[in-house]
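For the sequence shown, the residue numbers in full-length UniProt numbering are 1 to 457. No residue lacks a Cβ here, since even glycine has one placed at the ideal position from N, Cα and C. Beneath this line is the structure, given in structure tokens, with notes to follow.
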Amino acid sequence: VLKVVENLGVSYVRGTDLYKAKLEVELRKLKFPYKALAEDDYEARRKDHISHFILRLAYCQSEDLRRWFLQQEMDLFRYRFNELSGTLMQKFLEHVNLPFEAIGEDLKNELANELCASTPGYNMSKVKEQMFYKVGLADAVDLFRARRVFIKDGFAYVPFKEIDAIVLNTYRTKLSKALALTARSLPSIQSDERLQPLLSHLSHSYVGPDYSVQKNTGKISLDQIDALSVKSFPLCMRQLHRALRDSHHLRHGGRMQYGLFLKGIGLTLEQALEFWKKEFIRGKVDADKFDKGYAYSIRHNYGKEGKRTDYTPYSCMKIIMSNPPSQGDYHGCPFRHSDPELLKQKLQSYKIPPSGITQILELVKGMHYQLACQKYFELTHDVDDIGFSLNHPNQYFTESQKLLSGGRELKKEFNNSGNFQQKNNSQESINSSSTPTSSNATADTELEGLEAYFTED
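In structure tokens, the structure reads:
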């Protein structure tokens with residue numbers, strides 16, 4: 001269920017009719033009791049509660065797992081809460097004992113003018129019809145910031161139609177604390193041989209492909225990389241490759257991001273050593289300095305040095321959320337970290353049509369970075385719908401190669417003018433994370449000790 005929620009959140013604008021319709025169809029397919037409260041189905045609610053708390057145990061084991069679980073639960077809760085009738089919403093609010101309450105008619109009449117003036121879209125008659133809640137300002141910061149509520153004496157007066165924002169914020173806070181507390185109890189739980197295998201399995205259940213496992217090892221030659229960088233590399237890796245060819249050097253963030261990507265597409269350790277050495281000695285690094293300062297870290301990436309950890313390539317969310325590039329760096333996500341004008345120039349140099357550039361920049365403006373990358377894929381491959389949710393640079397490469405070799409069906413849809421139709425979708429990439437893998441979580445921990453090997457620039 002949570003994987004479905006994640007995929008739809010990437011592909012459609014949350015809260016729209018299309019998103020809700022798609023989600024309802026998928027939940028029905030899975031026979032998930034998303035209307036158990038409305039249908040007063042005690043047994044369905046009981047199973048729902050049990051499964052939620054089991055997943056808490058499974059997904060509290062690392063920061064990545066907790067973040068992913070929290071975001072998907074938030075999206076599912078938002079959908080289910082907004083599907084309730086007004087009466088059931090009020091019943092729910094009374095049942096869960098949230099730290100706010102509806103104001104009485106006397107107070108509402110006293111504040112009627114202020115409520116009318118401070119609440120967008122409300123006239124006096126609507127104020128009198130609507131129920132208002134007195135909420136602590138700390139719990140209504142988002143509404144206050146957007147100037148959607150009346151503030152007095154440290155309290156926000158929130159209309160019933162906006163109460164979902166308060167409920168969701170409270171839910172996020174409580175669930176986040178609960179996951180942290182559950183994580184502290186893990187040692188005693190993991191010592192139980194009956195539970196430990198179950199929890200490990202659950203936290204792996206929605207894991208995407210592990211790109212540290214090279215299915216194409218040795219099938220890509222070094223001579224092919226330049227051509228592949230144009231045809232099948234995501235923009236982040238194309239940018240790194242170009243910078244490496246131009247300056248014959250990458251700083252440690254770029255070497256990590258690009259080196260692990262190349263490993264994931266099939267470069268062997270021997271090829272990687274040859275590739276980096278040839279490029280670096282064209283610059284200011286001689287062969288001896290490379291062997292002493294850089295070769296060790298490449299072997300380390302392949303699990304041949306140090307702790308023998310087989311490092312996994314970075315996912316989109318890791319690239320977007322961690323280690324932002326500074327001046328002189330080329331790593332990171334171009335859609336997230338580039339100046340919009342520089343991004344526009346880069347896309348123009350890659351012959352992206354003006355209409356496509358406009359669409360990409362709109363997605364970037366809305367902080368929908370993975371969707372911007374999906375749009376880039378569509379425009380560079382002449383397809384209207386890529387048919388998958390993009391969450392990993394190596395996934396981009398694999399899907400590109402499938403498509404170019406005829407392994408995927410091309411899906412083109414033209415409008416009457418002959419132009420590609422834009423799919424109406426959006427994404428909250430920063431707020432939602434791709435499904436984390438166990439190997440990613442392990443690698444994040446191990447990388448802390450690896451940074452020392454990449455300090456030489």
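Check	Outcome
Range of the contiguous alpha helix (DSSP H) that encloses Lys231	Ile225 to Lys231
Span of the alpha helix (DSSP H) around Ile281	Segment: none, Ile281 is in no alpha helix (DSSP H) and carries neither H nor E.
C-alpha distance - Asp26 paired with Glu6, whole-angstrom precision	The question names Asp, but residue 26 is Glu in the sequence shown. Distance between the alpha carbons of Glu26 and Glu6 is about 12 angstroms.
Helix, strand or coil at Ala156 according to DSSP, with G and I counted as helix	strand
Neighbourhood of Ser205 by C-beta distance below 6 angstroms, restricted to the same chain and skipping five residues each side	Any answer about Ser205 is weak, because its pLDDT of 46 lies below 50 and its placement is not dependable; what the coordinates show is given next. Answer for Ser205: no residue qualifies.
Three-way DSSP call (helix, strand, coil) for Lys134 in this model	strand
Given Arg148 as reference, the closest of Thr119, Ala180, Tyr350 and Ser315 once Cα atoms are compared	Thr119
For Gly121 and Asn394, the rounded distance between their alpha carbons	47 angstroms
For Leu115, the nearest candidate out of Ser389, Ser176 and Met131 (CA to CA)	Met131
Meets three-Cβ-pair contact criterion under 8 angstroms: the region 78 to 94 and the region 163 to 180	yes
With 16 other Cβ atoms within 10 Å as the buried cut-off, status of Met256	buried
Check whether Ile266 and Lys219 have beta carbons under 8 angstroms apart	According to the sequence shown, residue 266 is Gly rather than Ile. Cβ atoms of Gly266 and Lys219: closer than 8 angstroms.
Distance between beta carbons of Leu260 and Tyr311, contact taken as under 8 angstroms	6 angstroms
Test item: CB-CB of Phe280 and His248 under 8 angstroms	yes
Contact the region 375 to 384 vs the region 357 to 364: 3+ CB pairs below 8 angstroms	yes
Spatially closest choice to Gly15 from Thr173, Asp288, Ala156 and Met74, by CA coordinates	Met74
Reference residue 462; option with closest CA among Glu110, Lys152, Gln224 and Arg67	There is no way to answer for residue 462, as the model of the chain reaches only from 1 to 457.
Reduced DSSP category for Glu409 - H, G, I as helix; E, B as strand; rest coil	The pLDDT assigned to Glu409 is 47, lower than 50, so where the model puts this residue is not dependable, and the model offers no usable value.
Minimum Cβ-Cβ distance from His300 to chain C less than 8 angstroms	In the structure shown, chain C does not exist; there is a single protein chain.
Which of helix, strand or coil DSSP assigns to Ser205	For Ser205, the predicted structure reports a pLDDT of 46, less than 50, and the residue's modelled location is therefore unreliable. The matter cannot be settled from this model.
Candidates Val364, Gly9, Lys108 and Asp223: closest to Lys126 by CA position	Lys108
Endpoints, the alpha helix (DSSP H) within which Thr119 is located	Unbroken run through Thr119: none, as it is neither H nor E.
Backbone CA spacing between Tyr59 and His52 [nearest angstrom]	10 angstroms
Residues that DSSP places opposite Ile151 in a beta bridge	Ala156
Distance, Lys365 Cα to Leu222 Cα	37 angstroms
Straight-line Cα distance separating Asp139 from Ile50	28 angstroms
Nearest to Leu57 (by Cα), restricted to the options Leu179, Asp192 and Gln71	Leu179
Buried or exposed by the 16-neighbour rule on C-beta atoms within 10 Å, applied to Leu244	buried
Whole runs of the beta strand (DSSP E) within the region 4 to 69, excluding any shorter than 3 residues	none
Beta-carbon contacts of Tyr12 that lie in its chain and below 7 angstroms, excluding the five residues immediately before and after	Leu18, Tyr19, Lys22 and Asn425
Span separating the alpha-carbon of Phe290 from that of Gly254	16 angstroms
At least 3 beta-carbon pairs within less than 8 angstroms: the region 399 to 406 vs the region 225 to 245	yes
Inter-residue Cα distance where the pair is Lys172 and Leu390	Reading the sequence as shown, one finds Arg at residue 172 and not Lys. Whole-angstrom Cα-Cα distance: 26 angstroms.
Buried versus exposed call for Lys411 [16 or more other C-beta atoms within 10 Å across all chains shown]	Confidence is the limiting factor: at Lys411 the pLDDT is only 42, short of 50, which leaves the residue's position unreliable and the question unanswerable from this model.
Rounded separation between Lys307 and Val285 - CA only	27 angstroms
Which residues DSSP lists as bridging Glu101, in chain order	Lys134
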